[in-house]
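In what follows, a single structure is set out as structure tokens and then discussed.
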Amino acid sequence: MADDIYVVEEILDRKLLNNGQIEYLLKWFGYDEEDATWEPEENIFCKDLIRIYESNRKFNEIQENINEECRKILSEICDHTDETSNFRDNIFSVKQNFLCNNKTL
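Just so we're aligned: 601 in our numbering is position 32 of the sequence shown, and the numbers increase by one with no gaps anywhere.
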């Protein structure tokens, strides 16, 4: 009996198991998302799909962190702005405080 060959259409998610192994949730070509299965990394022969997924995941994490930092900065600007302060000076002050408190960006 011949082995069936399934083609991965997309990696939907990943999880790290307690033993340190990574599994990916795979959407199979020609199948619905509810038919997706968790597979260990070594069972995925198209390593380019893993690289693309991981690059996108890291980009999204960075973007979320940047968005959170932007919200924090804007909140500080709004909280520290009053009628007597210069908005431009206030932005500079918040930026300086942020850079001093967060050495790595």
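Glycine included, every Cβ here is placed at the ideal spot set by N, Cα and C.
Small disclaimer: the values here were computed from a predicted structure and weren't measured.
(message) For Leu643, count the other beta carbons within 10 Å of its own beta carbon; 16 or more makes it buried, fewer makes it exposed. Which is it?
(response) The residue you call residue 643 lines up with position 74 of the sequence shown. Exposed.
(message) With three or more beta-carbon pairs closer than 8 Å as the criterion, would you say the segment 570 to 581 touches the segment 617 to 626?
(response) yes
(request) Rounded to whole angstroms, what's the CA-CA distance from Glu602 to Lys596? Just pull it up for me. (result) Position 33 of the sequence shown holds residue 602. Position 27 of the sequence shown holds residue 596. Rounded to whole angstroms, Glu602 to Lys596 spans 6 Å at the Cα level.
(request) Buried or exposed for Glu593, please, with buried defined as at least 16 other CB atoms from any protein chain shown within 10 angstroms of its CB. (result) Residue numbering aside, residue 593 sits at position 24 when the sequence shown is read from its first letter. Residue 593 is actually Tyr in this sequence, not Glu. Buried, by the Cβ-count rule.
(request) Return the CA-CA distance between Pro609 and Ile591, expressed in angstroms with no decimal places. (result) Within the sequence shown, the letter at position 40 stands for residue 609. Within the sequence shown, the letter at position 22 stands for residue 591. So the two alpha carbons sit approximately 6 Å from each other.
(message) Going by DSSP in three states, Lys584 sits in which element: helix, strand or coil?
(response) For the purposes of this step, residue 584 is taken as residue 15 along the sequence shown, with counting starting at 1. Looking at Lys584 - three-state DSSP - the assignment turns out to be strand.
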